[in-house]
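S.K.: One structure, as structure tokens, below. Some questions next.
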Ligand code: TRP
Ligand code: ZN
């Protein structure tokens, strides 16, 4: 699945490799004549302002089937990933994003294809070539140790070994550590994971557990994620876990996996998952996926949590606020995804505001009090906090306090401006209207104006687009 306008932006940015790729001045009716294919290379990225090589042009991924074995003792993975995609142009070459271990074989449509690796790009030359509209498969076999990836802000992601397995977070660029694909949120797909590990280790993936079978001291877990998912939200976190299953009051299955060392420290938080999901469903509309849960692991070097689809992952025992934040992302970030990473406030500001609302609902500080606090509106007007553009924090500060706190403050201020009725209608409409899709800040501004019937130009200027502490709005 692919959002077209960013691809158009990539083309406009000159990212499509056209030079020399089209047959010149073909004879009428000959190759390249009217109605004949015009083959060219797919763009190496979708031209995201922060991660220009993330994603790829020329095709749209529909499904990933990721089959692998992994041994925590040797840290060796043996994998076969099969991608099902549809060509969106006549392709004689295309790229995948891949930072994983050595590739031993690669086929397209069952035919061996030549390939080369160039940094994070895996450049594939399919034979025969692929006509626009053609559905095709790419199968990649690889083996070795998947890498830890370091982000622009020096945090780590990708495949992070733990003392009993691996912690697997992918935002914003970690999934190519273990899975070749189109690593941009505008190309969502469905996923199946088939993971074989030593008996006693549990693999926890997104979606539903289809089967778990042990033979000869090894266990295979098959996880299926049937709702569209961005690659950065994929996980197959593995290790020693205590697994529990339950359901929310409205019947959504809950699967939780908790590192036994963190069981007592996280029990109270885990017990509130049903309440949190119910409360957010009442505010934002139905929970968007067919299962929920959490993965609580001991990964001290990671130090953050991530909203992996259907099962957020935590690198230590989470607070109730962090659990609420990651579950709110299931609506805002996972189901409704950003179109470019510079709009990260659409994820983090929304999840942070949901967290404030949960805290108030749970008897803690009111959202108004949190808004007013020293970490938020209480910051001095001279603070650097007010000098970062909320809609362009930069790749180093995309997970800094501006998208989170100023993003949440923007929503709280908007609620005050347009009133509760319009505000919650807007959020419900946002979640429903962009379900499983991608949206932009401009979409939000437009929808806020139309739901409220107000001219919010001045409001959004001071809260979203201008630097400096808002004083009147
Ligand atoms: N999106 C995560 C959250 O707020 C945080 C996160 C993901 C993060 N990747 C990161 C934070 C990298 C710092 C660095 O729930
Ligand atoms: Zn978040």
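Residue numbers (mature numbering (1 follows the signal peptide of the UniProt record, and there is no 0)): -26 to -1, 1 to 447.
Heads up, the beta-carbon is just placed ideally off N, CA and C, and yes, glycines get one too.
#1: Should residue 382 be listed as close to the ligand ZN, given that the test is whether its C-beta is under 7 Å from any heavy atom?
#2: Should residue 327 be counted as a contact of the ligand TRP given a C-beta to heavy atom distance under 7 Å?
#3: Using DSSP's beta-bridge definition, name the partner residues of residue 333.
#4: Quick check on this structure: which residue in 216, 362, 263, 224 has the alpha carbon closest to the alpha carbon of residue 203?
#5: Quick one, which of 64, 205, 84 has its alpha-carbon nearest residue 40's?
#6: Looking at the secondary structure, which residues open and close the beta strand (DSSP E) in which residue 197 lies?
#7: Tell me the DSSP secondary structure of residue -6 in three-state form.
#8: Assign residue 381 to one of three DSSP states: helix, strand, or coil.
#9: Excluding the 5 residues flanking residue 109 on each side, which residues of the same chain have their C-beta closer than 6 Å to its C-beta?
#10: Measuring only from the beta carbon, is residue 321 closer than 7 Å to any heavy atom that is part of the ligand ZN?
#11: Return yes when the Cβ of residue 335 is within less than 8 Å of the Cβ of residue 261, no when it is not.
#12: Which term fits residue 63, buried or exposed, when burial requires 16 or more other beta carbons within 10 angstroms of its beta carbon?
#13: Thinking just about the alpha-carbon of each residue, which of 283, 339, 231 is nearest to the one in residue 290?
#14: Is residue 260 close to the ligand TRP? I mean its beta-carbon at under 7 Å from any heavy atom of the ligand.
#15: In chain order, which continuous runs of the alpha helix (DSSP H) of length 4 or greater are located wholly inside the segment 84 to 123?
#16: Please name the residue, chosen from 148, 190, 138, that lies closest to residue 126 on a Cα-to-Cα basis.
#17: What runs of the beta strand (DSSP E), each 3 residues or longer, lie entirely inside the segment 357 to 441?
#18: Using a threshold of 7 Å, is the CB atom of residue 159 nearer than that to any non-hydrogen atom of the ligand TRP?
#19: Between which two residues does the alpha helix (DSSP H) containing residue 250 stretch?
#20: Rounding to the nearest angstrom, what Cα-Cα distance links residue 287 and residue 329 in this structure?
#21: Should residue 129 be listed as close to the ligand TRP, given that the test is whether its C-beta is under 7 Å from any heavy atom?
#22: Who pairs with residue 244 in a beta bridge, going by DSSP?
#23: Can you check DSSP and say which residues form a bridge with residue 37?
#24: Flag this pair as yes or no: are the beta carbons of residue 268 and residue 285 separated by less than 8 Å?
#25: Please classify residue 69: does DSSP put it in a helix, a strand, or coil?
M.R.: According to the data block:
#1: no
#2: Because no heavy atom of the ligand TRP lies under 7 Å away, the Cβ of residue 327 does not count as near it: no.
#3: According to DSSP, residue 333 bridges with nothing at all.
#4: 263
#5: 205
#6: 192 to 203
#7: Confidence at residue -6 is low in this model, with a pLDDT of 35, below 50, so the placement of that residue is unreliable and no value is reported for it.
#8: helix
#9: 60
#10: yes
#11: no
#12: buried
#13: Residue 231 holds the alpha-carbon nearest to the alpha-carbon of residue 290 among 283, 339, 231.
#14: no
#15: As for any alpha helix (DSSP H) of minimum length 4 sitting wholly inside the segment 84 to 123, there is none.
#16: 148
#17: Within the segment 357 to 441, no complete beta strand (DSSP E) run reaches 3 residues.
#18: no
#19: 247 to 258
#20: Straight-line Cα distance between these residues: approximately 17 Å.
#21: yes
#22: DSSP lists no partner for residue 244.
#23: 58, 164
#24: Cβ distance < 8 Å, so residue 268 and residue 285 count as in contact.
#25: strand
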